[in-house]
Ligand SMILES: [Zn+2]
């Protein structure tokens, strides 16, 4: 299957190729929801408005044609009945303007847009789509339009008594603890960038420097360029992907039954359809 901008996000493409989003959905999200979305296709959850606003900003930086096409397809979401831009999109326009006004940001926007790469890595075929890739200067840029680039947010990690911790719960690292971390940790961007870099290396034989070009939804918008060139951090993420991937592949092949988290929208939907509910033992309150 040859991937292009039309079929890239199709169920068929997701069944044939692993992607960063699919891997994350299985490895860090709800396995059952990921299975219903990427394998059987029975879960066709609508994109949230926040995601669509992100796509609006992405399409602007992709090309005028892509932006016009996006606006046409999403007219009702973007415009009010009286033909005015809805607040979220008006704010996105301000953010776009602010970014365009910033020469350093625009410097990193130079390169090929939305290029697709496929490669076999860790025994499975992967697909990636790069927001911006500069083949001369050897960097790739992921464009992010997020709530804040500076405020820290809560994330649950699992730890042991020695103080070791991981975002994945295991027998050794089992005690949950909530800590405040910056946006690129919350969104697991080290892992995303590590996978991008590995696929690009497998596809082109070249090492690309991963960079995040961030714009915040704050007023006025914040703009930051985040250099993710840290071989040690990226290598650690690659090891984690290699560790988590076999279970993901077994679930995908139907060899292992995916676990329902019972909390996500997909699981709640399933339980409502089946008329089921969870019966739990209340946890004591311990600080
Ligand atoms: Zn779930």
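Residue numbers (the working numbering): 1103 to 1389.
Beta carbons are placed, not taken as given, at the ideal position from N, Cα and C, and that holds for glycine.
| query | result |
| --- | --- |
| For residue 1272, tell me which candidate among 1108, 1265, 1281 and 1261 has the shortest Cα-Cα distance. | 1261 |
| Between which two residues does the alpha helix (DSSP H) holding residue 1199 run? | 1189-1202 |
| Return the residue from the list 1156, 1370, 1116 and 1148 that minimises the CA-CA distance to residue 1137. | 1116 |
| So, with DSSP's three-state summary, where would you put residue 1141? | coil |
| Give the range of the alpha helix (DSSP H) segment to which residue 1125 is assigned. | 1122-1130 |
| Tell me which same chain residues have a C-beta within less than 7 Å of the C-beta of residue 1105, skipping the five on either side of it? | 1115, 1218, 1220 and 1229 |
| Shorter than 7 Å, the distance from the beta carbon of residue 1123 to the closest heavy atom of ligand 1, or not? | no |
| Could you tell me the distance, in whole angstroms, from the CA atom of residue 1175 to the CA atom of residue 1386? | 50 Å |
| Which class does residue 1256 belong to by DSSP, given the choice of helix, strand or coil? | strand |
| Compute every distance between the C-beta of residue 1362 and the non-hydrogen atoms of ligand 1, then say whether any falls below 7 Å. | yes |
| Within 7 Å: the Cβ of residue 1135 and any heavy atom of ligand 1? | yes |
| Which residue from 1388, 1146 and 1309 puts its Cα closest to that of residue 1279? | 1388 |
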